[in-house]
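In UniProt numbering, the protein residues as written are 1 to 295.
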């Protein structure tokens, strides 16, 4: 008898996260369980009902309230699932706070960093230990997450860093944003560049510690870039959405990686876009908002 699989997606009540749950619900088995999580109980419950009622849904879908910026709450969720089900098989860290270009970045820093980076760190720390052999632990980032998008002065802060060190760098950067000294230190004006680099650096840090054991049992820890997706979060940044994907289209490539039976060792610990690895040291620092939008 096959053991039912347990999947969890953060930030899943709308956009890409919702589409990822839809896709998991359609592509996993009837005995499997997909947990749709978010921090607003009403929205999470409504989203779960919509997925469960969809014609293509095969798996069980349940809602859970989870604020990923609360590391203790993430730890409790992981412990609960470990106790109840003996671990989890798929975890997709997708939660993000909306950042807009029309407000000072310093006003948005705490929530954005707390959700994207604090949430990534908490998920990696708490769900890594309860991931079953052959599981998937995936962080949704972007192509901006390669080291080359930062000023070369900042590269040594992330290159080869441990998760503790990545967390320390993120807090130092946050403090510099509030102090008004970030740009003088080489940090980009736009929060999403260092935030994405830090997310990928955190994945690389955890993967470096787990690599040998994970590759032996077919477990994947990686970051993914879903490409440009037409969502309320991305809308304020782009004028032309003619080449953007719908959330469902973007979820497809991510789920192909997540649900593949075969693990390509080259993708382990890396940032993957449409099945291809983006070189960690690739990219160049955006010099303007226009250049930022072209990545």
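Even for Gly, the Cβ is constructed at its ideal location relative to N, Cα and C.
All figures in this text were calculated on a predicted structure; none of them were measured in a lab.
Once DSSP output is grouped into helix, strand and coil, what is the label at residue i?
i           : result
residue 133 : strand
residue 255 : helix
residue 223 : strand
residue 5   : coil
residue 264 : coil
residue 382 : Nothing can be reported for residue 382: it is not among the residues displayed for the chain, which extend from 1 to 295.
residue 228 : coil
residue 290 : Any reading at residue 290 is ruled out, since the residue's pLDDT is 47, under 50, leaving its predicted position unreliable.
residue 276 : strand
residue 185 : helix
residue 14  : coil
In whole angstroms, what is the alpha-carbon distance linking residue i and residue j?
i           : j           : result
residue 5   : residue 32  : 5 Å
residue 257 : residue 135 : 12 Å
residue 142 : residue 111 : 19 Å
residue 9   : residue 50  : 16 Å
residue 271 : residue 173 : 22 Å
residue 269 : residue 220 : 8 Å
residue 67  : residue 73  : 7 Å
residue 150 : residue 255 : 29 Å
residue 193 : residue 169 : 14 Å
residue 7   : residue 213 : 21 Å
residue 30  : residue 2   : 12 Å
residue 138 : residue 198 : 15 Å
residue 105 : residue 35  : 32 Å
residue 277 : residue 107 : 34 Å
residue 178 : residue 186 : 15 Å
residue 286 : residue 48  : 38 Å
residue 210 : residue 228 : 30 Å
residue 244 : residue 226 : 11 Å
residue 230 : residue 121 : 26 Å
residue 299 : residue 45  : Beyond the ends of the chain as shown, which are 1 and 295, falls residue 299; an answer cannot be given.
residue 14  : residue 28  : 20 Å
residue 70  : residue 38  : 12 Å
residue 195 : residue 182 : 13 Å
residue 132 : residue 103 : 42 Å
residue 144 : residue 222 : 15 Å
residue 109 : residue 208 : 28 Å
residue 191 : residue 206 : 23 Å
Exposed or buried, which one is residue i when buried takes at least 16 other CB atoms within 10 Å?
i           : result
residue 281 : exposed
residue 261 : exposed
residue 180 : exposed
residue 118 : buried
residue 40  : exposed
residue 63  : buried
residue 314 : In the structure displayed, the chain extends from 1 to 295; residue 314 sits before or after that span and is not available.
residue 247 : buried
residue 266 : exposed
residue 216 : exposed
residue 273 : buried
residue 86  : exposed
residue 11  : buried
residue 42  : exposed
residue 184 : exposed
residue 188 : buried
residue 283 : buried
residue 175 : exposed
residue 17  : buried
*Any contact of the segment 81 to 101 with the segment 122 to 131, i.e. 3+ C-beta pairs under 8 Å?*
yes
*Runs of alpha helix (DSSP H) wholly within the segment 96 to 175 (minimum 4 residues, chain order)*: 105 to 113, 119 to 127 and 155 to 158
*Enumerate, from N- to C-terminal direction, the unbroken beta strand (DSSP E) stretches of 3 or more residues contained entirely within the segment 21 to 72.*
33 to 38 and 60 to 65
_For the structure I just gave you, are there three or more beta carbon pairs, one from the segment 146 to 155 and one from the segment 74 to 84, closer than 8 Å?_
no
_Three-pair Cβ contact test at 8 Å for the segment 163 to 170 versus the segment 202 to 212_ = yes
*Does the segment 44 to 63 touch the segment 97 to 110, meaning 3 or more C-beta pairs lie closer than 8 Å?*
no
*Are the segment 20 to 30 and the segment 246 to 253 in contact at 8 Å, needing three or more beta carbon pairs?*
yes
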